[in-house]
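Reading through the structure tokens given below for one structure.
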Amino acid sequence: AVILFGGFDDDGHHTNDTWKFDCATREWTELSPTTAPLARYGHVMVYDEAINKLVMTSGNTEFQGYQQDTWTFDVATSNWTDLTPTGNPDRLKWPSMTYDSVNQKCILFGGQIGDYAIDRTWIYDAQLSTWLRRYPDDAPSDRINTGLAFDPVNNITILFGGATVEIETIDDTWTYSYESNVWT
Numbered sequence: 025a026v027i028l029f030g031g032f033d034d035d036g037h038h039t040n041d042t043w044k045f046d047c048a049t050r051e052w053t054e055l056s057p058t059t060a061p062l063a064r065y066g067h068v069m070v071y072d073e074a075i076n077k078l079v080m081t082s083g084n085t086e087f088q089g090y091q092q093d094t095w096t097f098d099v100a101t102s103n104w105t106d107l108t109p110t111g112n113p114d115r116l117k118w119p120s121m122t123y124d125s126v127n128q129k130c131i132l133f134g135g136q137i138g139d140y141a142i143d144r145t146w147i148y149d150a151q152l153s154t155w156l157r158r159y160p161d162d163a164p165s166d167r168i169n170t171g172l173a174f175d176p177v178n179n180i181t182i183l184f185g186g187a188t189v190e191i192e193t194i195d196d197t198w199t200y201s202y203e204s205n206v207w208t
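Going by the working numbering, the sequence shown wraps up at 208, each residue one higher than the last.
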């Protein structure tokens, strides 16, 4: 299944809808969880296999601005849970996130705070409910909307591209090692 949350409706308003796509029937179904995150866009969500749930964070809400909350979504029960992890990342939108299946961590990079893009690296450990900012010696430049994926064979996170907040595209490629905390 594919799960979608939030975004904009046809009138440009933020939504907090949760939708499920059934890959076998190729049909979308709107879910009705009892609670849900604030309506938003510019957030990120990945599947964390260590806890068997989706992890969602960040984004911009219509009236309360950038968010730094962390939620999980249980596909089996269609329920959202608002977490209170330690060390929340910055309030931001347009970061990128992937799941490191070898080290069982969510890797979050970049995003936008106010009028500025950032180059920060954050790690989320869902089993400990802890966010930790990492300080590698070198990192990709400040950016939003990168492509971020984990390569389990080589145990690295791969970052491609993105954009500046002025929407100038960036086309470089970086790799990140969680174990050595190094971007190259």
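Beta carbons: idealized from backbone N, C-alpha and C, even for Gly.
For the beta strand (DSSP E) that glycine 36 lies in, which residues bound it at each end? It is not in any beta strand (DSSP E) - glycine 36 carries neither H nor E in the DSSP assignment.
Glutamine 151, DSSP secondary structure in three states: coil
Going by DSSP, what residue range makes up the beta strand (DSSP E) through phenylalanine 87? Run containing phenylalanine 87: none; DSSP gives neither H nor E here.
Could you spell out the range, first to last residue, of the beta strand (DSSP E) harbouring alanine 173? 171 to 175
For tryptophan 104 and methionine 69, what's the separation of their Cα atoms in angstroms? 12 Å
Member of Trp43, Met80, Leu172 and Cys130 whose CA lies at the smallest distance from the CA of glutamine 92: Met80
Buried or exposed: which applies to phenylalanine 32, given that a residue is buried once 16 or more other Cβ atoms fall within 10 Å of its Cβ? exposed
With three or more beta-carbon pairs closer than 8 Å as the criterion, would you say the stretch 174 to 186 touches the stretch 124 to 143? yes
With respect to the beta strand (DSSP E) encompassing glycine 135, which residues constitute its N-terminal and C-terminal limits? Here glycine 135 belongs to no beta strand (DSSP E), and DSSP marks it neither H nor E.
Residues bridged to valine 68 [DSSP beta-bridge criterion]: Thr81
When you compare the stretch 148 to 157 with the stretch 200 to 207, are there three or more beta-carbon pairs, one atom per stretch, that lie closer than 8 Å? no
Would you report the Cα separation of alanine 100 and isoleucine 75, rounded to the nearest angstrom? 12 Å
Quick one: using the 10 Å Cβ neighbour count with 16 as the cut-off for buried, is tryptophan 52 buried or exposed? exposed
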